[in-house]
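Going by the numbering used here, the sequence shown opens with residue 2, and the numbers climb by one from there. We put the beta carbon where it would ideally sit given N, CA and C, even for glycine. All figures in this text were calculated on a predicted structure; none of them were measured in a lab. Below is one structure, written out as structure tokens; comments come after it.
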Amino acid sequence: MRHRKKINHLGRKSQHRKAMLSNMASSLILHKRIFTTLAKAKALRVYVEPLITKSKEDSTHSRRTVFSYLQNKHAVSELFREVSQKVAERPGGYTRILKTGFRQGDAAEMCFIELVDYNINMLKTTEDATKKTRRSRRGKKASDAEPKAAAPKLADEKAEKAADVAEEKPEVEAVAETPAEEQIKEVEAAEKVEEKSETEEPKAEKEEEPKAEKEEEEPEAEKKEEPKAEKKEEEPKADDSEDAEEKKEDK
């Protein structure tokens, strides 16, 4: 039970606890955001926020007081030069704790602790929320007169812009037409060259094919002529044999 125990000792002796919180406070001031356990973050918030309030009064006494807690001259100079200016209009609540879940191993609850004025994303959301505030109907009637008065001015400005754009358009089109036409002509010329090359290739093939056929036919003709010559040579031999037989019969 935790009755009347305002201070969380964090399982450390007093000197160890003070040294740890001093180091964590210096890291928070220098880096603007640190990752730690939820118990340490809550203890650090109580430790560092009075020091930030002290930094609003930039005097030798306040600097020495803060240095006695932080024991880091770089953190002290950062606190009094930059952080104190950012926090000047804020009356308190300089830090924010963002829970991230549980640590694997001992299931300790983890979180980020950061300086409020240095989280850009959170500042944007607050600005957007303030812009979307609703107004009463009475305020709208008074505010409607201003847009009506401004409407003719806006119409005149739009007409002037449209006239300027209309004057500028022909020049742009004239400049843009010539390269397009040149590209079209180049493409057409390239297509014609390709068609010519395609038509010429089959003609050349047709001319070459009959020549090859003729060359093949020539040896056949030579083969046919050779047996004729042999027959002619053989015929006189037959006549000679007949003459010899006739001579033998006469004898």
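Close Cβ partners of residue i (< 8 Å) along its chain, the five nearest in sequence each way excluded
{"i": "Lys55", "result": "Ser63, Thr66, Val67"}
{"i": "Glu158", "result": "none"}
{"i": "Leu11", "result": "Arg18, Met21, Ala40, Lys41, Ala44"}
{"i": "Ser85", "result": "Ile53, Ser56, Lys57, Asp59"}
{"i": "Arg46", "result": "Thr96, Ile98, Ile114"}
{"i": "Leu124", "result": "Asp118"}
Close Cβ partners of residue i (< 6 Å) along its chain, the five nearest in sequence each way excluded
{"i": "Ser27", "result": "Leu71, Asn73, Ala76"}
{"i": "Lys87", "result": "Asp118"}
{"i": "Arg104", "result": "Met111"}
Presumed contact (8 Å Cβ cut-off) between residue i and residue j, rounded CB distance
{"i": "Ile8", "j": "Ala42", "result": "About 15 Å; that fails the 8 Å criterion."}
{"i": "Leu80", "j": "Tyr48", "result": "The pair is not a contact, with the Cβ atoms about 13 Å apart (cut-off 8 Å)."}
{"i": "Ala253", "j": "Thr38", "result": "Here the chain comprises residues numbered 2 to 252, so residue 253 is not present and cannot be evaluated."}
Host alpha helix (DSSP H) of residue i (start-end)
{"i": "Glu79", "result": "74 to 79"}
{"i": "Ala89", "result": "It is not in any alpha helix (DSSP H) - Ala89 carries neither H nor E in the DSSP assignment."}
{"i": "Lys41", "result": "39 to 55"}
{"i": "Leu71", "result": "61 to 71"}
Enclosing beta strand (DSSP E) for residue i [first to last residue]
{"i": "Ile98", "result": "96 to 103"}
{"i": "Ile30", "result": "Looking at the DSSP string, Ile30 is not in any beta strand (DSSP E); the run it does join, the alpha helix (DSSP H), is 15 to 32."}
{"i": "Leu116", "result": "110 to 116"}
Counted within 10 angstroms of its Cβ, other Cβ atoms place residue i as buried (16 or more) or exposed
{"i": "Met25", "result": "buried"}
{"i": "Leu29", "result": "buried"}
{"i": "Ala230", "result": "At Ala230, the pLDDT of 48 sits below 50, so the modelled position is not reliable; the number obtained from the coordinates is stated separately. Exposed, by the Cβ-count rule."}
{"i": "Ala175", "result": "Summary for Ala175: the model assigns pLDDT 45, below 50, so the residue's position carries little reliability; its value from the coordinates is reported in the next sentence. Ala175 should be labelled exposed."}
8 Å Cβ cutoff, residue i in contact with chain B
{"i": "Arg97", "result": "In summary, chain B is missing from the structure at hand, where a single protein chain is found."}
For the segment 102 to 122 against the segment 14 to 34, are there 3 or more C-beta pairs whose distance is under 8 Å?
-> Touching, yes.
Segment contact flag, the segment 46 to 54 with the segment 89 to 98, C-beta cutoff 8 Å, min 3 pairs | yes
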